[in-house]
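A.B. asks:
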Amino acid sequence: MMPQQILKPELAWQGMVPLLMLAGLFVFHFLIEILRAPKSRTTGGFWTLLVSLLGVVYLTACPDQPVGAVVHKMWIYDGVTRLGSLLVFLSLAAVTLIIPKSVEESGHLGEYYALLSGAALGMVMLMGSNNLLVTFLALELFSLALYLLCIFLPDRSTSQESGLKYFILSSLASAVILYGMALIYGATGSTWLHEIGARASQGGLLMIVGSTLLAAGLAFKVSAVPFHVWTPDVYQGAPTPVTAFMSVATKTAALVALLRFFPMTLGMAGDTHDGVRTMWAIIIWSLAMLSMLFGNLMALSQTNLKRLLAYSGIAQAGYLLGAIFMGTPIAKVSLFYYLLVYLCMNVGAFVVVAALEEVDESLDVHALAGLSMRQPYLAAALAVFLFSLTGLPPTAGFVAKYQLFSALMASGPNPLPKYLVAAALVGSLMSAGYYLRFVVQAYGLGPAPEPHKQIPPTYLAVIATAVVAVFALSFWAGPVLEWMQRLLGT
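In terms of the working numbering, the sequence shown is numbered consecutively and its last residue is 472.
As structure tokens, then:
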């Protein structure tokens, strides 16, 4: 008899640091909640913020790390994973500082931080996944955490509706993804991404159907049309910090998963006879086009600031899917720069929303009249973030859109990316109408200022940091883009 071989996993500890930090934080929070007496339980906010900031420092300040395959090649730590993880750590640090009174008074802050760190762990796992099994496990890990975070305030009917709707629709998306993975395995005989890419053109109809189902599930996480229907209600009903985290981190994780899976395995057609890859290019192009146009069109009729940002996120997903469609080195750099800018302006806008809720301000467009007299700092910050989301200079939103549109225009004779640029320009013009309407209302005449209401200092710190970042990423875009190019090897 041949002696049985014991599989020894290949571990690259340097690349595992982001995973180990989040996994340790996740386990730490649960152990603290279980082992300590109820009266001595820690909120965990300090440790969550500390680990988040240490992760940011590690991912930015450490020298370039060409680690590659990690954990027996099932997880990859490269420039794509590193930049995606940086965005998740930044999002986690921001939402750790904005805890609403309702969450503090619930008595379950430990569980709240545990779920946040668990969601972040799943997102980082997803972005580096090199195997369909790891992809599904990562999706389920962060999805389960987000289900509970959306319904974290069970006394509010809107929170209950938000959590239930997200649970039902996301469970359906997970089932679609799993079935798609099964079909891909049946077509290629492998769950490894590189092997799937090598055998994709021989997969035939089974491969096309399976990869279509997988894309549909990931498009749900990105909030792309027509898989966007859950987004406005869930964003409005969930606690605002959770909404801010979902709007950036979930979108980042799903987009990076698309970037890793499709352009690197299925999305680039080698010739006109490569049916599977040509079909994929058309699918991603259609998702981008529909999201840009319908997201902006539906946002025009919104009167609630939180729902407006939800529909805005749908449109922004369309712009970002354009970079996925291109799949070129310059498009990848533009994608990550846009995501970094989007983090600053979108999280900043949601923190302003959270601050308005803390001082009992209505989020209706008409109720915002005179906000500049009642809360001048919040009104100014909101104007900066909405200007940046519109893409007006000198904000970073203008530079991000310029970089992305330039990457799409550099497509050679292929006309499809140019159609995306045309749709994006039309969408940007429409977005000016609904973004600027809220700014005009905030600086219009309104009720006389009431006695000053205190805004938590941590909220102001996050807002101020986001405002500075929106301008800093515009004025120093060159060094940031060069750093991203170096990490991505372009």
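C-beta atoms are modelled at their ideal positions from N, C-alpha and C, and glycine is treated no differently.
So, are the CB atoms of Leu41 and Phe71 less than 9 angstroms apart?
C.D. replies: Yes, these two residues count as a Cβ contact at 9 angstroms.
A.B. asks: Where does the unbroken beta strand (DSSP E) through Ile58 begin, and where does it stop?
C.D. replies: Trp57 to Tyr59 is the extent of the beta strand (DSSP E) around Ile58.
A.B. asks: Return yes when the Cβ of Val323 is within less than 9 angstroms of the Cβ of Gly204, no when it is not.
C.D. replies: Here residue 204 turns out to be Val, not Gly, going by the sequence shown. Going by C-beta atoms, Val204 is not nearer than 9 angstroms to Val323.
A.B. asks: Run the proximity test for Asn278: is its beta-carbon closer than 8 angstroms to any non-hydrogen atom belonging to the ligand NAP?
C.D. replies: The ligand NAP is not part of the structure shown, which contains no ligands of any sort.
A.B. asks: Would you kindly report the start and end of the unbroken alpha helix (DSSP H) that includes Pro399?
C.D. replies: Element bounds for Pro399: Leu398 to Ala424.
A.B. asks: Measuring only the C-alpha atoms, how far is Ala292 from Thr222?
C.D. replies: Cα to Cα, Ala292 sits roughly 12 angstroms from Thr222.
A.B. asks: Going by beta carbon distance, what residues of the same chain come within less than 8 angstroms of Gly426, once the five residues before and after it are set aside?
C.D. replies: Excluding residues within five positions, the ones whose Cβ falls inside 8 angstroms are Ala351 and Gly352.
A.B. asks: Mind checking whether Gln284 and His348 have CB atoms under 9 angstroms apart?
C.D. replies: Not closer than 9 angstroms, so no.
A.B. asks: Using a Cβ-Cβ cut-off of 7 angstroms (strictly less than) and excluding sequence neighbours within five positions of Val(-1), which residues of its own chain qualify?
C.D. replies: Same-chain partners within the cutoff: Tyr40.
A.B. asks: Does DSSP put Arg23 in a helix, a strand or coil?
C.D. replies: Because the pLDDT of Arg23 is 49, which lies under 50, any placement of that residue in the model is unreliable, and the number read from its coordinates should be weighed accordingly. Of the three classes helix, strand and coil, the one that applies to Arg23 here is coil, per DSSP.
A.B. asks: Could you compute how far the alpha carbon of Gly179 sits from the alpha carbon of Ala120?
C.D. replies: Whole-angstrom Cα-Cα distance: 21 angstroms.
A.B. asks: Tell me whether Ser99 sits in a helix, a strand or coil according to DSSP, three-state version.
C.D. replies: Helix at Ser99.
A.B. asks: Would you call the segment 97 to 113 in contact with the segment 231 to 238, where contact means no fewer than 3 C-beta pairs closer than 8 angstroms?
C.D. replies: Cβ pair count under 8 angstroms is three or more, so yes.
A.B. asks: Exposed or buried, Ser492, counting other C-beta atoms within 10 Å across all chains shown (16 or more means buried)?
C.D. replies: In this structure the chain extends from -17 to 472, so residue 492 is not present and cannot be described.
A.B. asks: Quick check on this structure: which residue in Val158, Ala201 and Cys44 has the alpha carbon closest to the alpha carbon of Leu65?
C.D. replies: Selected option, being the one with the closest Cα: Cys44.
A.B. asks: Spell out the partners DSSP gives Asp346 in its beta bridges.
C.D. replies: Answer by DSSP bridge pairing, in chain order: Asn286.
A.B. asks: Select from Ala446, Met391, Tyr319 and Gly415 the residue whose C-alpha is nearest the C-alpha of Ser456.
C.D. replies: Among Ala446, Met391, Tyr319 and Gly415, the Cα nearest to that of Ser456 belongs to Tyr319.
A.B. asks: Taking the Cβ atom as the reference point for each residue, do Leu282 and Val224 lie within a distance shorter than 9 angstroms?
C.D. replies: No; because the gap between Cβ atoms is not below 9 angstroms, this pair is not in contact.
A.B. asks: Can you tell me the Cβ-Cβ gap for Ala4 and Ser99, rounded? I've got them flagged as a contact below 8 angstroms.
C.D. replies: Correcting the residue type first, residue 4 is Leu in the shown sequence and not Ala. Indeed they touch by this definition, with Cβ atoms about 6 angstroms apart.
A.B. asks: Measuring CA to CA, which of Cys326, Leu360 and Leu321 is closest to Leu338?
C.D. replies: Answer by Cα proximity: Leu360.
A.B. asks: Note down, in chain order, each residue of its chain lying with its Cβ closer than 6 angstroms to the Cβ of Lys21, except the 5 sequence neighbours on either side.
C.D. replies: For Lys21, the pLDDT reaches just 49, beneath the cut-off of 50, and the residue's location in the model is therefore unreliable, although a value from the coordinates is still provided. Nothing meets the Cβ criterion.
A.B. asks: Using the rule of at least 16 other Cβ atoms within 10 Å of the residue's Cβ for burial, across every protein chain shown, is Met391 buried or exposed?
C.D. replies: Under this definition Met391 is an exposed residue.
A.B. asks: Roughly how many whole angstroms lie between the Cα atoms of Leu279 and Phe369?
C.D. replies: Each residue's alpha carbon lies about 18 angstroms from the other.
A.B. asks: Between which two residues does the alpha helix (DSSP H) harbouring Arg181 extend?
C.D. replies: Element bounds for Arg181: Leu175 to Arg181.
A.B. asks: Pairing CB atoms from the segment 372 to 382 with CB atoms from the segment 440 to 448, are three or more of them under 8 angstroms?
C.D. replies: Not touching, per the Cβ criterion.
A.B. asks: What does the Cβ neighbour count give for Asn328, buried or exposed, with the cut at 16 atoms within 10 Å?
C.D. replies: The residue in question, Asn328, is buried, as its Cβ has 16 or more Cβ neighbours within 10 Å.
A.B. asks: For Leu91 and Glu340, I'd like the C-alpha separation in whole angstroms.
C.D. replies: Going from the Cα of Leu91 to the Cα of Glu340 covers about 18 angstroms.
A.B. asks: For Asn112, which three-state DSSP category applies?
C.D. replies: Correct three-state label for Asn112: coil.
A.B. asks: Going straight from the alpha carbon of Phe243 to that of Leu175, what length do you get?
C.D. replies: About 7 angstroms.
A.B. asks: Over the uninterrupted alpha helix (DSSP H) stretch that includes Phe202, give me the two end residues.
C.D. replies: Its alpha helix (DSSP H) spans residues Gly186 to Val204.
A.B. asks: Please check the pair Tyr416 and Leu290, which I expect to be a contact at CB under 8 angstroms, by giving their CB distance rounded to whole angstroms.
C.D. replies: Correct: roughly 6 angstroms between the Cβ atoms.
A.B. asks: Look at the alpha carbon of Leu196 and the alpha carbon of Ala270, and state the distance between them as a whole number of angstroms.
C.D. replies: When rounded, the distance between both Cα atoms is 16 angstroms.
A.B. asks: If you scan the segment 262 to 323 from start to end, which runs of the alpha helix (DSSP H) of 4 or more residues do you find wholly inside it?
C.D. replies: Counting only runs of 4 or more, we get 287 to 308.
A.B. asks: If you run the structure through DSSP and keep just helix, strand and coil, what is Arg468?
C.D. replies: If DSSP states are grouped into helix, strand and coil, Arg468 belongs with the helices.
A.B. asks: Should Glu464 be labelled buried (16 or more other beta-carbon atoms within 10 Å of its own) or exposed?
C.D. replies: With fewer than 16 Cβ atoms within 10 Å of its Cβ, Glu464 is classed as exposed.
A.B. asks: Is Ala331 buried or exposed, if buried means 16 or more other CB atoms sit within 10 Å of its CB?
C.D. replies: Buried, by the Cβ-count rule.
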